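Undergrad: For the sequence shown, the residue numbers in our numbering are 134 to 442. Beta carbons are placed, not taken as given, at the ideal position from N, Cα and C, and that holds for glycine. Just so we're clear, the structure is a prediction, and the values are computed from it rather than from any experiment. What follows is a single structure, and I will ask about it in a moment.
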Amino acid sequence: MASVYSSGSISLLTFSSVRKIAASFPLQSRCVISRGISAKMPTDSSSLQIKHTIKLPTQPNDPVTVIAAPGVSDSDFRLAIGSSLFEQWLKNIQSEKGLLVDGTLSLKQVLIQGIDMFGRRVGFLKFKADVIDKETGKKVPGIVFARGPAVSVLILLESEGKTYTVLTEQARVPVGRPMLELPAGMLDDNVGDIAGTAIREVEEETGIQINSSEMIDLTSFLDPSTGCKVIPSPGGCDEELSLFLYKGSVSEDVIKQLQGKETGLREHGEMIKVHVVPYDTLWRMTPDAKVLMSIAIYEMAKKDGLLPH
């Protein structure tokens, strides 16, 4: 199966460099570069349009145009279409349960609107996808904030006959206020050790050190059809979460030491304060979806006898 990219940028990608981007795509959406590259070069440089064309295996006779929005540079555009975030989205939309599989929907155009870099990799990607219902000709809502997979950990500590949960409080600019949350973090480039990432985030955000053998993947109890992940906001974001559980026993002194502890990687803008709260009242104390989803899966798994002793 093949897909075709062609560039309409004034600073055209070479055949070999674009082929490297295409080679990173999975087999079901892998792209092969057309040698028939053409460029539209208006006299007014401000009106140049950076553009590529993709030919997807699921709609071989209906090519997809990928365009850079005004303000997106040629280099950022190339980073965006070669990123693991865009690659994974293309894979999802063509997967066994993807939107394009049964032929009722068609992907016409993707508008790359912006990227945020985390060091050398694309951390966040914003784009708009024109997915058309073939029967009605209408667009399906298609604004995408791509940030990829993440993990969080529900920490339950037994002390003096009571169960406590460890939360973090940090400033959250998108909602305009601080939030009480579970320790959590993003995976790098859609790959890596999920449990290891969870352990690292717990240590960075709370100071608690745990072993991978002590972790329970709560999302593994979900039906396989779900992908064993939870998706907090499928109407606008591709984020999928793996939710873990850690249970331990500590002294009352440890609970006191954790309460109000300041942590986080300040060089990354993290200003975190640790909170220890009774588990019995946790579900009422925060709107954080990671907390509420973890409680729900934990309680149901416990009710059904799925948790290891």
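In the DSSP assignment, what are the bridge partners of THR339?
TA: On the sequence shown, position 206 is the one that residue 339 refers to. The partner list for THR339 (beta bridge, DSSP) is empty, contrary to what the question assumes.
Undergrad: Is DSSP giving LYS295 helix, strand or coil here?
TA: For the purposes of this step, residue 295 is taken as residue 162 along the sequence shown, with counting starting at 1. Of the three classes helix, strand and coil, the one that applies to LYS295 here is strand, per DSSP.
Undergrad: Just the Cα atoms here: how many angstroms apart are LYS267 and ARG253?
TA: Along the sequence shown, one-based indexing puts residue 267 at 134. Along the sequence shown, one-based indexing puts residue 253 at 120. One C-alpha to the other measures close to 39 Å.
Undergrad: Under 8 Å: do the region 241-255 and the region 207-214 share three or more Cβ pairs, one atom per stretch?
TA: They touch, by the three-pair rule.
Undergrad: Between the alpha carbons of ALA232 and ASN194, how many angstroms are there, rounded?
TA: Stepping through the sequence shown from its first residue, residue 232 is reached at position 99. Stepping through the sequence shown from its first residue, residue 194 is reached at position 61. Correcting the residue identity first, residue 232 is Leu in this sequence and not Ala. So the alpha carbons of these two residues sit roughly 17 Å apart.
Undergrad: From PRO420, ILE327 and PRO411, pick the residue whose C-alpha is nearest to that of GLY294; which is it?
TA: Your numbering for residue 294 matches position 161 in the sequence shown. Nearest C-alpha to GLY294: PRO411.
Undergrad: Given this structure, state the Cα-to-Cα distance separating ALA283 from GLU395, to the nearest angstrom.
TA: For this step, residue 283 is matched to residue 150 along the sequence shown. For this step, residue 395 is matched to residue 262 along the sequence shown. Straight-line Cα distance between these residues: approximately 23 Å.
Undergrad: For the structure I just gave you, are there three or more beta carbon pairs, one from the region 332-341 and one from the region 359-376, closer than 8 Å?
TA: no
Undergrad: Please classify GLU302: does DSSP put it in a helix, a strand, or coil?
TA: As a first step, residue 302 must be located in the sequence shown, where it is residue number 169. If DSSP states are grouped into helix, strand and coil, GLU302 belongs with the strands.
Undergrad: From which residue to which residue does the beta strand (DSSP E) around SER382 run?
TA: Start at 1 with the first residue of the sequence shown, and residue 382 comes out as number 249. Taken as a continuous stretch (DSSP letters only), the beta strand (DSSP E) holding SER382 covers 373-382.
Undergrad: Considering just the uninterrupted stretch of the beta strand (DSSP E) at GLN221, what are its terminal residues?
TA: Working through the sequence shown from its first residue, we reach residue 221 at position 88. Not the beta strand (DSSP E): GLN221 falls in the alpha helix (DSSP H), residues 217-226.
Undergrad: Report buried or exposed for TRP416, applying the criterion of at least 16 other Cβ atoms within 10 angstroms of its Cβ.
TA: The residue given as residue 416 occupies position 283 in the sequence shown. Its Cβ having fewer than 16 others within 10 Å, TRP416 is exposed.
Undergrad: Please list the terminal residues of the continuous alpha helix (DSSP H) segment that includes LEU244.
TA: By one-based count along the sequence shown, residue 244 stands at place 111. It is not in any alpha helix (DSSP H) - LEU244 instead sits in the beta strand (DSSP E) that spans 238-251.
Undergrad: Is PHE278 near LYS259, with beta carbons less than 8 Å apart?
TA: For the purposes of this step, residue 278 is taken as residue 145 along the sequence shown, with counting starting at 1. For the purposes of this step, residue 259 is taken as residue 126 along the sequence shown, with counting starting at 1. In this structure, LYS259 lies closer than 8 Å to PHE278 by Cβ.
Undergrad: Based on DSSP bridge pairs, tell me the residues matched to HIS408.
TA: Taking the first residue of the sequence shown as 1, we reach residue 408 at position 275. In the DSSP output, where bridge partners are listed per residue, HIS408 has LEU300.
Undergrad: Helix, strand or coil: how does DSSP classify GLY356 here?
TA: The sequence position of residue 356 within the sequence shown is 223, counting from 1. Contrary to the premise, residue 356 reads as Asp rather than Gly in this sequence. Residue state, collapsed to three classes: coil.
Undergrad: Would you please state the rounded distance, in angstroms, between the beta carbons of GLY318 and GLU334? I believe it to be under 8 Å.
TA: For this step, residue 318 is matched to residue 185 along the sequence shown. For this step, residue 334 is matched to residue 201 along the sequence shown. So it is a contact: roughly 4 Å between Cβ atoms.
Undergrad: Could you check what DSSP says for LEU425 in three-state terms: helix, strand or coil?
TA: In the sequence shown, residue 425 corresponds to position 292, counting from 1. Looking at LEU425 - three-state DSSP - the assignment turns out to be helix.
Undergrad: For the alpha helix (DSSP H) that contains ARG211, what are its first and last residues?
TA: Your numbering for residue 211 matches position 78 in the sequence shown. Unbroken alpha helix (DSSP H) run through ARG211: 207-214.
Undergrad: Would DSSP call GLU314 helix, strand or coil?
TA: Position 181 of the sequence shown, counting from 1, holds the residue named residue 314. In the structure shown, GLU314 falls within a strand segment according to DSSP collapsed to helix, strand and coil.
Undergrad: Report back the beta-carbon spacing between ILE327 and SER375 to the nearest angstrom; my notes put them in contact at under 8 Å.
TA: By one-based count along the sequence shown, residue 327 stands at place 194. By one-based count along the sequence shown, residue 375 stands at place 242. Right, the Cβ-Cβ distance comes to about 5 Å (below 8 Å), so this counts as a contact.
Undergrad: Between ILE430, LEU425 and TYR297, which has its C-alpha nearest GLY381's C-alpha?
TA: Translated into positions along the sequence shown, residue 381 becomes position 248. Among ILE430, LEU425 and TYR297, the Cα nearest to that of GLY381 is on TYR297.
Undergrad: Take GLN390 as the anchor and find which of LYS406, HIS185 and PHE377 has the nearest alpha-carbon.
TA: The sequence position of residue 390 within the sequence shown is 257, counting from 1. For the residues LYS406, HIS185 and PHE377, the minimum Cα distance to GLN390 belongs to LYS406.
Undergrad: Is the separation between the beta-carbon of PHE354 and that of ALA434 shorter than 8 Å?
TA: For the purposes of this step, residue 354 is taken as the residue at position 221 of the sequence shown. For the purposes of this step, residue 434 is taken as the residue at position 301 of the sequence shown. Taking 8 Å as the cut-off, the Cβ atoms of PHE354 and ALA434 count as close.
Undergrad: Which residues bound the beta strand (DSSP E) around VAL199?
TA: As a working note, residue 199 is residue 66 in the sequence shown. Segment 197-201, the beta strand (DSSP E) holding VAL199.
Undergrad: What separation, rounded to the nearest whole angstrom, lies between the Cα atoms of VAL350 and ASP263?
TA: For the purposes of this step, residue 350 is identified with residue 217 of the sequence shown, where counting begins at 1. For the purposes of this step, residue 263 is identified with residue 130 of the sequence shown, where counting begins at 1. Residue identity check: residue 350 is Asp in the sequence provided, not Val. One Cα belongs to ASP350, the other to ASP263, and the distance between them is close to 36 Å.
Undergrad: If we ignore side chains and look at the alpha-carbon of each, how far apart do SER157 and ILE214 end up?
TA: For the purposes of this step, residue 157 is identified with residue 24 of the sequence shown, where counting begins at 1. For the purposes of this step, residue 214 is identified with residue 81 of the sequence shown, where counting begins at 1. Note that SER157 scores a pLDDT of 44, beneath 50, so its modelled location is shaky; the value from the coordinates is reported in the next line. Distance between the alpha carbons of SER157 and ILE214 is about 10 Å.
Undergrad: Inspect the beta-carbon positions of GLU314 and LYS423 and report whether they are closer than 8 Å.
TA: To locate residue 314, count along the sequence shown from 1; it is residue 181. To locate residue 423, count along the sequence shown from 1; it is residue 290. Yes; because the gap between Cβ atoms is below 8 Å, this pair is in contact.
Undergrad: Name the residue from LEU300, PRO420, LEU181 and ALA201 whose alpha carbon lies nearest to the alpha carbon of HIS408.
TA: Locating residue 408 in the sequence shown gives position 275, where the first residue counts as 1. The candidate whose alpha carbon is nearest that of HIS408 is LEU300.
Undergrad: Is GLU347 helix, strand or coil by DSSP?
TA: Reading the sequence shown from its first residue, position 214 is the one you call residue 347. If DSSP states are grouped into helix, strand and coil, GLU347 belongs with the helices.
Undergrad: Going by the beta-carbon positions, is the gap between THR191 and GLN227 smaller than 8 Å?
TA: Here the question's residue 191 lines up with position 58 in the sequence shown. Here the question's residue 227 lines up with position 94 in the sequence shown. It is a contact, given that the beta carbons lie within the stated cut-off.
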